[in-house]
Amino acid sequence: MVEHVLPESGARQLYRDVAQAEDAAFGKFVNDINDELSFLSMEIRIQTYQGDGKKYYGLVNKVADDQAKLGTKFQHGQIAHFKAMLESIVTESKGAGAISTMDAINLRPDLQGNTQASESSQAAAARTLSASEKEKNIAELITEGWLERLSDGHLALGPRTFMELRTVIQSLDVPACKACTEPAVKAQACEAPGCSTWLHDHCAKSWFNRPGEPRTCPECGAEWAAAPQEETAAEERAENLAANGHRNKKARRERRSKT
1 MVEHVLPESG ARQLYRDVAQ AEDAAFGKFV NDINDELSFL SMEIRIQTYQ
51 GDGKKYYGLV NKVADDQAKL GTKFQHGQIA HFKAMLESIV TESKGAGAIS
101 TMDAINLRPD LQGNTQASES SQAAAARTLS ASEKEKNIAE LITEGWLERL
151 SDGHLALGPR TFMELRTVIQ SLDVPACKAC TEPAVKAQAC EAPGCSTWLH
201 DHCAKSWFNR PGEPRTCPEC GAEWAAAPQE ETAAEERAEN LAANGHRNKK
251 ARRERRSKT
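Here the sequence shown is numbered in UniProt numbering, starting from 1 and rising by one per residue.
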């Protein structure tokens with residue numbers, strides 16, 4: 001399986017395998033590649049994933065629109081179904097950053113809310129998908145890195161979605177994290193009346209673990225009632241990706257040595 005994004009540990013391991021160099025030059029290596037890719041309007045983008053708070057690396061086309069990024073692999077109905085899931089996860093999960101698989105299957109894109117003809121045709125196509133077709137679509141989106149299945153079976157946005165479709169997420173008017181200003185999809189909210197402060201789970205952990213930092217809202221000063229949320233299978237996935245990347249590289253070297 002092609003990995004469209006890699007956790008930082010996997011990216012660094014790939015660098016060591018290819019360049020036969022130490023990690024000290026890794027940052028310069030990425031910057032040099034981005035300089036060469038700039039004329040193609042592409043870049044290696046670094047994104048902190050809200051699911052596990054870890055950094056991921058991925059190759060991103062800075063010019064292609066969201067339709068083009070999805071359209072080479074998915075049909076109109078599949079794209080509309082994914083967009084409906086994305087919107088539900090971002091706007092309706094109340095900081096959980098995930099929805100149940102059953103809710104994802106039952107989603108029916110709104111025909112009235114799409115102003116462009118292409119979006120209307122996508123929505124219409126999505127409404128004809130059967131439950132089994134939606135299940136297959138979800139599986140393909142997970143394989144391609146757009147979605148993540150958590151240990152409890154719920155569906156979250158994958159690292160690739162945050163990396164490549166950030167403009168879509170930002171357009172959904174989601175509140176920003178107080179610490180990093182990124183959209184607060186998987187996050188905690190201040191429970192004080194009238195306060196609209198949000199912190200990503202990983203940002204809250206870093207914020208309140210600072211020496212002498214009280215567990216109070218950084219905006220209104222009220223006690224921060226939200227408890228740190230448990231880590232999900234996303235962290236386990238990051239470790240698996242790193243291990244798989246290393247094994248794949250080793251296998252390729254062994255095949256080359258036999259030829």
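Glycine included, every Cβ here is placed at the ideal spot set by N, Cα and C.
With residue i as the anchor, note down where its alpha helix (DSSP H) starts and where it stops.
{"i": "Ala139", "result": "131 to 143"}
{"i": "Asn31", "result": "26 to 37"}
{"i": "Glu148", "result": "Element bounds for Glu148: not the alpha helix (DSSP H) but the beta strand (DSSP E), 147 to 149."}
{"i": "Asp103", "result": "101 to 106"}
What whole-angstrom Cβ distance do residue i and residue j have, given they're in contact under 8 angstroms?
{"i": "Gly153", "j": "Thr101", "result": "6 angstroms"}
{"i": "Gln155", "j": "Ala187", "result": "The question names Gln, yet the displayed sequence has Leu at residue 155. With 8 angstroms as the limit, Leu155 and Ala187 do not qualify as a contact, their Cβ atoms being about 17 angstroms apart."}
{"i": "residue 336", "j": "Arg45", "result": "No statement about residue 336 is possible, as the shown extent of the chain runs from 1 to 259 and does not include it."}
{"i": "Glu144", "j": "Lys73", "result": "6 angstroms"}
{"i": "Met42", "j": "Val60", "result": "7 angstroms"}
{"i": "Ala222", "j": "Ala176", "result": "19 angstroms between Cβ atoms; not a contact."}
{"i": "Met163", "j": "Gln47", "result": "4 angstroms"}
{"i": "Thr197", "j": "Cys220", "result": "7 angstroms"}
DSSP three-state call for residue i: helix, strand or coil?
{"i": "Val174", "result": "coil"}
{"i": "Ala233", "result": "At Ala233 the pLDDT is 44, less than 50, meaning the model places this residue with poor confidence and gives no usable figure here."}
{"i": "Ser9", "result": "helix"}
{"i": "Thr181", "result": "coil"}
{"i": "Gly58", "result": "strand"}
{"i": "Ala192", "result": "coil"}
{"i": "Glu3", "result": "coil"}
{"i": "Thr197", "result": "coil"}
{"i": "Cys220", "result": "coil"}
{"i": "Ser41", "result": "coil"}
{"i": "Ala204", "result": "helix"}
{"i": "Gln50", "result": "coil"}
{"i": "Ala68", "result": "helix"}
{"i": "Ala21", "result": "coil"}
{"i": "Ala80", "result": "helix"}
{"i": "Leu14", "result": "helix"}
{"i": "Lys73", "result": "coil"}
Would you give the residue range spanned by the beta strand (DSSP E) that residue i belongs to?
{"i": "Thr94", "result": "In the sequence on display, residue 94 carries Lys and not Thr. Premise fails: Lys94 is in no beta strand (DSSP E) and is neither H nor E."}
{"i": "Arg127", "result": "From DSSP, Arg127 is part of no beta strand (DSSP E); its letter is neither H nor E."}
{"i": "Ala156", "result": "155 to 157"}
Return the residue from the list the options that minimises the CA-CA distance to residue i.
{"i": "Ile89", "options": "Ser206, Ala184, Asn209, Cys190", "result": "Ala184"}
{"i": "residue 263", "options": "Leu157, Ala68, Ala225", "result": "Because residue 263 is not part of the residues shown, which for the chain are 1 to 259, the question remains open."}
{"i": "Glu147", "options": "Glu135, Lys136, Arg160", "result": "Looking at the sequence shown, residue 147 is not Glu but Leu. Selected option, being the one with the closest Cα: Arg160."}
{"i": "Ala139", "options": "His81, Gly51, Arg166", "result": "His81"}
{"i": "His76", "options": "Ala21, Gly51, Leu129", "result": "Leu129"}
{"i": "Leu150", "options": "Gln50, Asn34, Val63", "result": "Gln50"}
{"i": "residue 271", "options": "Cys195, Leu165, Pro218", "result": "Since the first and last residues shown for the chain are 1 and 259, residue 271 lies out of range."}
{"i": "Gln78", "options": "Lys136, Pro211, Asp52", "result": "Lys136"}
{"i": "Phe208", "options": "Ala225, Val18, Gly194", "result": "Ala225"}
8 angstroms is my cut-off, CB to CB: does residue i come that close to chain C?
{"i": "Val5", "result": "Absent from the structure is chain C; it holds one protein chain and no more."}
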